[in-house]
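The listed protein sequences derive, respectively, from chains A and B.
The opening residue of the first sequence carries number 76 in our numbering; numbering runs sequentially from there.
The opening residue of the second sequence carries number 76 in our numbering; numbering runs sequentially from there.
From the three backbone atoms N, C-alpha and C, an ideal C-beta is built for every residue, glycine too.
So the structure is just underneath, and the comments pick up after that.
Protein chains: 2
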Amino acid sequence: MKMTQIIQKKREGGALSPEEIRFFVEGLQNGETPDYQAAALLMAIYFRGMNQAETLELTSAMLQSGDSIDLSDLSGVKVDKHSTGGVGDKTTLVLAPLVAATGVPIAKMSGRGLGHTGGTIDKLEVFPGLTLELPTSQFIQQVQDIGIAVVAQTQSLVPADKQLYALRDVTATVGSIPLIASSIMSKKLASGCEAIVLDVKAGKGSFMPDEASAFNLANVLVEIGEGMGRRTVAVVTAMDEPLGHAVGNAIEVAEAIKTLKGEGPADLVELCLELGTQMLLLGNRANEEAEAKSLLMDAIHSGKALAKFKEMITRQGGDASSVDDPSLFPTAKYTHHLKSHDEGYLSSLNAKAVGVAAMALGAGRETKGSPIDLAAGIYLYKKRGDKVAKGDVLATLHAASPQQISEGILQLAEAFAFSAQPPAPAKLILGKKMIK
Amino acid sequence: MKMTQIIQKKREGGALSPEEIRFFVEGLQNGETPDYQAAALLMAIYFRGMNQAETLELTSAMLQSGDSIDLSDLSGVKVDKHSTGGVGDKTTLVLAPLVAATGVPIAKMSGRGLGHTGGTIDKLEVFPGLTLELPTSQFIQQVQDIGIAVVAQTQSLVPADKQLYALRDVTATVGSIPLIASSIMSKKLASGCEAIVLDVKAGKGSFMPDEASAFNLANVLVEIGEGMGRRTVAVVTAMDEPLGHAVGNAIEVAEAIKTLKGEGPADLVELCLELGTQMLLLGNRANEEAEAKSLLMDAIHSGKALAKFKEMITRQGGDASSVDDPSLFPTAKYTHHLKSHDEGYLSSLNAKAVGVAAMALGAGRETKGSPIDLAAGIYLYKKRGDKVAKGDVLATLHAASPQQISEGILQLAEAFAFSAQPPAPAKLILGKKMIK
């Protein structure tokens, strides 16, 4: 088998055989497939795509490139959740303890933020002492004991994805649906879950700017999950404006805690209930949506969800005092209130622009491994549809230096658009994909 | 400037700026552009193409990657000729002395064969002692003295093309028109000519299987040549069946010599007169086609063309005795007469299949640098349109071993197709591209 022939076949629009896909993935791992041939194949895949069988095989080959976590010692259906990434997306921080509080075991591996989107693991670092890297046995033991653990992905999980992602990143081939889908699903499958709820973001602040691509990705993700024997539901949700009011790390955690206390912003609450409902259904904790939703509401109003969150922080060695006293969270040296020069209705609040502004403030990282400022971020007082008068504070910016504040203002100013009439209401939940 | 952005721009169908193209070519040369990014860009170019300005800039950047030959000491218009490669294409062997004999200086650098197509330099090796690598000063001196020199391309000419071609070869991106055109033209321009006649092959035995692609390539080649200030004519010619009767090395040289003696096969003669006419017109040796053709016919019938060929062989240190006595050419140990099992008219003689059969016999090389057998090859007795009776000898195969003979028979058998009625006559000269 020759890589040149495999590249040529894909270039001409052919479907690669399982053997060809494995030859490529294994060759990349053992160094027999040179980077330049892998790069040419990735670009050919970018243009020609992959069919369902090819994408499934690619996922499976990547999955088998490394270790998998064995969660079979845990009782109950292990349900995982994944978001394709957005701005202000603190959903996991709410959803994990919320679902765990209803009795569905949560053994979750999360990632760090990159570019204008944040990551759960970065956010959890606001708790002093919290361990985010647990040995597998300890990870499983914790879920057995308290029903929840959220940790960072281990390095040995899906090494082929790390290699491929690094190559896609420098060859402008990140945005290919089969490549995105196999990357996401190989990592989910390797982390040992039995069922998966996917939050596929669509819109300005996501990696799928248009709805059609997001539904397409959702479809492919569900096909892979079900093809690999996991019940899978993908919920396509809007990411045109940030989720909730807080964008950053400490301020997002504070908003997640408020949500667990029953005081969350409407969009975040709606999303958590929707994704939580799907998780409870897949986890056999509820038989229908209304029942699931009521279990979730109960967990919030009884204080069980918040208690589960604190229990997890403490069990992982973290100091949870800030959960009850948010003033203990790190605060930024400089803040700035951005006031409106316009009046009318906020017709659009561009999530990408807000994310880029937050990155400029120090809340995000442009390249892997660069440090982030946990205290930096943006609090949005006005959201799409809100009435705005001249002089109203639109947002507060938090950063460690005046330079970052001015850079942030420059970026953030582009995020707001106004209209004389209120904009048509926007849907948050755009649709669901599942195999009945 | 970042390669990732350049790749992305081309991936999205944008036109690269001169700076971006130079950044790519220079980066590849100085090692700053990694092979994997170059490979991804090549594949994006394969899918998206390049406009006229981009192709011109790429050619120019490649040209400037190495040395150029300065032919300004030579008087007269230096006209070069290039063929995109075919089977049985011994045109340069005839055309170079033929045109030189009319007084147009021929300072020609040629290549070796690869795959199913042959190369002039390999064929010239049949003359014992002949030097094919001359220092530039000696190359120019020879043209000054006798009006002709045919040598191998020096290594220092267009190093960026060598790098790019090697990468295209292993990434399935050879067949892209802007990449093919810039590769051809950068080498032609570096070899110092002032005007260029291109023989762009179309059909089964060429790299452009369909006529439309060949005309497209011809157009791009002419645009580059004229854009670089060289008068350029591209003649699109059929390469569905081999040119002439001989396919190999020694037997092709023998056929070229016959042609210089006025006893050549009709198609080869027609092609040489057509290309020669264009060369004489560009070389200001004739003002119109009829005049050019008559000068060329004279050079053959007077024996001047043949004498010029012998003069060149001798001047380059070769033994030209075989020109008068073809029995001195190397002969193969094994020969086989392939007889027809069919009867009727030969409706098609697939050049690609003949080329592959000749390669199996040892006459060609599959990979660069591998040795070839000068005596191996195929002599075709029947060509398209000929009447064939059962038992007629279709071709004679020549090789060094019985294994190669059987392998050659297997391949060659696929080349012939028969019909009850004579096939419609096929055109050899399909069209011309030039800027008036």
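Task: Minimum Cβ-Cβ distance from A/Q104 to chain B less than 8 Å - done: no
Task: Proximity below 8 Å, CB of B/A474 to CB of B/A432 - done: Result no, Cβ atoms of B/A474 and B/A432 do not sit closer than 8 Å.
Open item on the list: Quick check: the region 113-130 of chain A against the region 86-97 of chain A, are at least 3 beta-carbon pairs closer than 8 Å?
Closed with: Counting Cβ pairs under 8 Å, three or more are found: they touch.
Task: Segment contact, 8 Å Cβ cut-off, at least three pairs: the region 478-497 of chain A with the region 351-366 of chain A - done: Because the criterion of three Cβ pairs below 8 Å is not met, the region 478-497 of chain A and the region 351-366 of chain A do not touch.
Task: Bridge partners - B/V226, DSSP secondary structure assignment - done: B/M184
TODO: Output, in sequence order along the chain, the residues in the region 88-121 of chain B whose CB is closer than 9 Å to any CB in chain A.
DONE: P109, D110, Y111, Q112, A113, A114, A115, L116, L117, M118, A119 and Y121
Open item on the list: Please identify the residue among A/G466, A/Y240 and A/E269 whose C-alpha is closest to the C-alpha of A/A182.
Closed with: A/E269
- [ ] Name, going along the chain, the residues of the region 230-248 of chain A whose beta-carbon falls closer than 9 Å to a beta-carbon of chain B.
- [x] L242, D244, V245, T246, A247 and T248
TODO: Compare the C-alpha of B/L346 against each of B/Y240, B/T167 and B/Y409 and name the closest.
DONE: B/T167
TODO: Kindly identify the DSSP beta-bridge partner or partners of A/M509.
DONE: A/V308
TODO: Leaving aside the five residues before and after B/A380 along the sequence, list all residues of the same chain whose C-beta is less than 6 Å from its C-beta, in chain order.
DONE: P172, L173, A176, L335 and A374
Task: Stretch pair the region 448-463 of chain B + the region 306-320 of chain B: three plus CB contacts closer than 8 Å - done: yes
Task: Beta-carbon neighbours of B/T79, restricted to chain A and to distances below 9 Å - done: Close partners of B/T79 in chain A (Cβ separation under 9 Å): D244, V245, T246 and A247.
TODO: Determine, using beta carbons only, whether B/T159 and A/V245 come nearer to each other than 8 Å.
DONE: no
TODO: List the residues that DSSP assigns as beta-bridge partners of A/A277.
DONE: Residue pairing from DSSP places A/A277 in a beta bridge opposite A/A313.
Task: Between the CA atoms of B/E95 and A/L356 - distance to the nearest angstrom - done: Spanning the two alpha carbons is a distance of roughly 53 Å.
Open item on the list: Check for me: the beta strand (DSSP E) holding B/T410 runs from which residue to which?
Closed with: Y409 to K414
Open item on the list: For A/D467, which residues in the same chain have their Cβ closer than 6 Å to its Cβ, ignoring the five residues on either side in sequence?
Closed with: S415
Task: Partner residues on chain A for B/R440, Cβ-Cβ distance less than 9 Å - done: Residues of chain A passing the Cβ test: none, with the nearest at roughly 17 Å.
- [ ] For the region 229-238 of chain B and the region 137-145 of chain B, state whether three or more C-beta atom pairs, one from each stretch, are separated by less than 8 Å.
- [x] yes
- [ ] Just tell me which of A/M76, A/Q104, A/N105 and A/R243 has its CA closest to the CA of A/S593.
- [x] Limits of chain A in this structure are 76 at one end and 511 at the other, which puts residue 593 of chain A out of reach.
TODO: List the DSSP bridge partners of A/Y420.
DONE: A/K462 and A/S494
- [ ] Give the DSSP-derived three-state secondary structure of B/H191 in the structure shown.
- [x] Three-state DSSP puts B/H191 in coil, outside helix and strand.
Open item on the list: Any beta carbon of chain C sitting closer than 8 Å to that of B/Q83?
Closed with: Protein chains in the displayed structure are A and B, and chain C is not among them.
Open item on the list: Strictly under 8 Å for the Cβ-Cβ distance: is A/R459 near chain B by that measure?
Closed with: With its beta carbon at least 8 Å from every one in chain B, A/R459 lies outside the interface.
- [ ] Output the distance between the C-alpha atoms of A/A115 and A/Y240, rounded to the nearest integer angstrom.
- [x] 14 Å
TODO: Give the secondary structure of A/H320 by DSSP, where H, G and I count as helix, E and B as strand, and everything else as coil.
DONE: coil
Open item on the list: Once DSSP output is grouped into helix, strand and coil, what is the label at B/A382?
Closed with: In the three-state reduction of the DSSP assignment, B/A382 falls in the helix class.
Task: Simplified DSSP assignment, three categories, for A/V169 - done: Residue state, collapsed to three classes: helix.
Task: Terminal residues of the alpha helix (DSSP H) in which B/D471 lies - done: Looking at the sequence provided, one finds Thr at residue 471 of chain B rather than Asp. Per DSSP, B/T471 belongs to no alpha helix (DSSP H); it is in the beta strand (DSSP E), V468 to A474.
TODO: In the DSSP assignment, find the unbroken alpha helix (DSSP H) run with B/L131 in it and report its ends.
DONE: Q127 to L138
Task: Exposure label - A/S258; buried when at least 16 CB within 10 Å - done: buried
Task: Bounding residues of the alpha helix (DSSP H) (the contiguous stretch that carries A/Y483) - done: Reading the sequence as shown, one finds Gly at residue 483 of chain A and not Tyr. That run of the alpha helix (DSSP H) goes P477 to A488.
Task: Beta-carbon spacing of B/I447, B/G437 below 8 Å - done: yes
TODO: Pick helix, strand or coil for A/V328, following the three-state DSSP scheme.
DONE: helix
- [ ] Quick one: list the residues of chain A neighbouring B/R360, beta-carbon separation under 9 Å, in chain order.
- [x] The premise fails here: B/R360 is roughly 44 Å from chain A at the closest Cβ pair, so nothing lies under 9 Å.
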